[in-house]
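Engineer: Residue numbers (the working numbering), protein chains in the order written: chain D, 13 to 233; chain V, 13 to 233.
2 protein chains.
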Amino acid sequence: MSGRVPAASGGLPDKRRAISEAARRVFGREGYARASLDVIADEARVAKRTIYNHYTDKEHLFLSVAVEGADAVTEAVRVLMERHLRKIVDLEEDLTAFCLDRARAVTEFPEHFALVRTIHAEVTRLPAPVLETWMAHGPPSAHQRLAPYLQKIADRQLLRFDDAEKAANRLNTLTMNDVLIRSFYGAVPLPESVVEEIITEGVQAFLRLYAPLPDTHDEQV
Amino acid sequence: MSGRVPAASGGLPDKRRAISEAARRVFGREGYARASLDVIADEARVAKRTIYNHYTDKEHLFLSVAVEGADAVTEAVRVLMERHLRKIVDLEEDLTAFCLDRARAVTEFPEHFALVRTIHAEVTRLPAPVLETWMAHGPPSAHQRLAPYLQKIADRQLLRFDDAEKAANRLNTLTMNDVLIRSFYGAVPLPESVVEEIITEGVQAFLRLYAPLPDTHDEQV
DNA sequence: GTCTATACCGAGATAGAC
DNA sequence: GTCTATCTCGGTATAGAC
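(1) Does any residue of chain V have a CB that is nearer than 8 Å to the CB of D/F39?
(2) Is there contact between the stretch 209-222 of chain D and the stretch 99-116 of chain D, where contact requires at least three CB pairs shorter than 8 Å?
(3) If I measure Cβ to Cβ from V/G150 and keep anything under 6 Å in the same chain, skipping five residues before and after, which residues do I get?
(4) Could you tell me whether the Cβ of V/N65 comes closer than 8 Å to any Cβ of chain D?
(5) Just the chain D side, please: which residues come within less than 7 Å of V/I100 by C-beta, in chain order?
(6) My understanding is that D/A30 touches D/R61, with C-beta atoms under 8 Å, so please give their C-beta distance in whole angstroms.
(7) With 16 other CB atoms within 10 Å as the buried threshold, where does D/E134 fall?
(8) Give me the chain V residues within the contact set of D/V77, using Cβ-Cβ distance strictly less than 7 Å, ordered along the chain.
(9) DSSP on V/A59, reduced to helix/strand/coil?
(10) Taking a cut of 7 Å between CB atoms, which residues from the stretch 147-180 of chain V lie near chain D?
(11) Looking only at its chain, what residues have a beta carbon closer than 8 Å to the beta carbon of V/V77, apart from the 5 residues adjacent to it on each side?
(12) Look at the Cβ atom of V/G198, then the Cβ atom of V/F110, and state whether they are nearer than 8 Å.
(13) Within 7 Å: the Cβ of D/F110 and any heavy atom of the ligand ZN?
(14) At what residues does the alpha helix (DSSP H) containing D/D106 begin and finish?
(15) Contact defined as beta carbons within less than 8 Å: I believe V/R46 pairs with D/A59. What is the distance between those atoms, to the nearest angstrom?
(16) Using the beta-carbon count (16 or more within 10 Å), is D/R28 buried or exposed?
(17) Buried or exposed: which applies to D/S48, given that a residue is buried once 16 or more other Cβ atoms fall within 10 Å of its Cβ?
(18) Are the CB atoms of V/R172 and V/Y224 within a distance shorter than 8 Å?
(19) How many angstroms separate the CA atom of D/I100 from the CA atom of D/A217?
(20) Could you give the distance in angstroms between the alpha-carbon of V/V85 and the alpha-carbon of D/D26?
(21) For V/V215, which residues in chain D fall below 7 Å Cβ to Cβ?
(22) Along the chain, where does the alpha helix (DSSP H) containing V/A179 start, and where does it finish?
(23) Tell me the rounded alpha-carbon separation between V/L221 and V/E177.
(24) Going by Cα to Cα distance, which pick from D/R168, D/N184, D/P152, D/E120 is closest to D/L103?
(25) For D/V89 and D/A159, which I take to be in contact (beta-carbon distance under 8 Å), what is that distance rounded to the nearest angstrom?
(26) Distance check for D/L143 and V/P203, CA to CA, integer angstroms please.
(27) Output yes or no for whether 8 Å exceeds the beta carbon distance between D/L92 and D/D106.
(28) Between which residues of its own chain and D/W146 is the CB-CB distance below 7 Å, once the five residues before and five after are set aside?
(29) With DSSP run on the structure shown, which of helix, strand or coil describes D/P151?
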């Protein structure tokens, strides 16, 4: 049983949000085992009792925060895809801008990626359904959502591939994943210039692999 | 300071090894904060006091085990590189075999990668010099050591690139890193068939990017 | 002198009672 | 919101045994 919302009438969801945000910060900063509910209550400016009022125990609190975080990042990525990949004017430029924004999130939202690292650390101890939920809501699903955009681009002959999902995974691999691994998922932030280099060169490699005309002027469409 | 070897008399420090191995298992299984010295002592079949005889405290024990593990994996990778990349007979075959062996290590040495995940979880809390030590001894250094092999292959006109280190990173990105990320660093092992698919296709992509003559009449920039 | 075994201390944690 | 019961952990101390 998950945390219950206190009351539909006058119950303030403010407290719940405060707890959720504080929990995300503390879990990300300290890791699961080290994080104490006292500190979370303190940072949320809430009595510890109130936490137990909304979440049954520490584990439920963590899992709830984890799924919320996954949803948030998935939504953020969706917005980025809409902004950069819906209308393509210059494929290389648009892909680069998209991947760059996506990669910059690693350094711009350190508390979120700290939570992601904490989740990774707990993956083997997570209940199976929760893990599946996280994988369905989190980064892996964000990866999948890229495929339709690439497919549309391919429909306009700007890219060529057999399998849109594999192409999407390739793009992620060549850009985002490289940033993630080299920065230890944001734990050791990379200089902006390095991120730019990784992304631009990654996109170039992606286009060499998947652009219909590898080299010269792309005058089609 | 670090743990000291008990006696120089020549007797094998079996106790120390037992502690080290048990610590690696427990730290990998439980994470740093959850791992208790009582359990480590128990699994090592050693009195808890003996641990403090070899290592000053929990933190030193963890760091020592981490560096040992990093060295072990670096050495294992070095052996793989010597086996597969010293003499090239068929570039695609040899690269594929190398990357496959490398990737299989993820599923074949689960306890080691569990420790790697624990290290990742602690990265932000690690003292800077220790982090640098781990990066110098661990996977990042293994990546770097790939570059000279690729350079030799390029010297024989089997590959073409400007920067051997970047090419090495590309190969890692297209193969190993993909496996690592999708398996959560081994926490959720991938089926062997999936690993094979990732590796073979990754190597193919690498060769499309860096082989002087792809397969057909194609001229590169 | 090292290892074993056990008991012990203080700090800090969860969870719940008041 | 405070207060407390109970637990676990890191680390130490104190025994004796090889």
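The beta-carbon is built from N, C-alpha and C at its ideal position, and this holds for glycine as well.
Structural biologist: Reading it off the structure:
(1) It does not; no Cβ of chain V falls within 8 Å.
(2) Output reads yes: the stretch 99-116 of chain D touches the stretch 209-222 of chain D.
(3) Correct list, in chain order: A82.
(4) Not an interface residue.
(5) Neighbours of V/I100 on chain D: none; closest Cβ ~23 Å, over 7 Å.
(6) About 14 Å separates the two Cβ atoms, so there is no contact after all.
(7) Label assigned to D/E134: buried.
(8) By Cβ distance, chain V contributes nothing, its closest Cβ being about 16 Å from D/V77, past 7 Å.
(9) Coil.
(10) Under the 7 Å Cβ criterion, the stretch 147-180 of chain V contributes no residue.
(11) For V/V77, where only same-chain residues beyond five positions count, the Cβ hits under 8 Å are S32, A35, R36, F39, L127.
(12) In this structure, V/F110 does not lie closer than 8 Å to V/G198 by Cβ.
(13) This structure does not include the ligand ZN; it has no bound ligands of any sort.
(14) Counting along the chain, D/D106 sits inside the alpha helix (DSSP H) bounded by residues 103-120.
(15) Not confirmed; about 27 Å, so no contact.
(16) By the neighbour-count rule (16 or more Cβ atoms within 10 Å), D/R28 is buried.
(17) Flag for D/S48 reads exposed.
(18) Correcting the residue identity first, residue 224 of chain V is Pro in this sequence and not Tyr. Cβ distance < 8 Å, so V/P224 and V/R172 count as in contact.
(19) The straight-line gap from Cα to Cα measures roughly 19 Å.
(20) About 49 Å.
(21) Listed along the chain, the chain D residues whose CB falls inside 7 Å of the CB of V/V215 amount to none; the nearest CB is some 13 Å away.
(22) DSSP places V/A179 in the uninterrupted alpha helix (DSSP H) bounded by 176-184.
(23) The alpha-carbon of V/L221 is positioned some 15 Å away from that of V/E177.
(24) Nearest option by C-alpha distance: D/R168.
(25) Approximately 13 Å separates the beta-carbon atoms of D/V89 and D/A159; this is outside 8 Å, ruling out the contact.
(26) One C-alpha to the other measures close to 18 Å.
(27) Taking 8 Å as the Cβ cut-off, D/L92 and D/D106 do not qualify as a contacting pair.
(28) The residues are A78, V79, A82, I131.
(29) Residue state, collapsed to three classes: helix.
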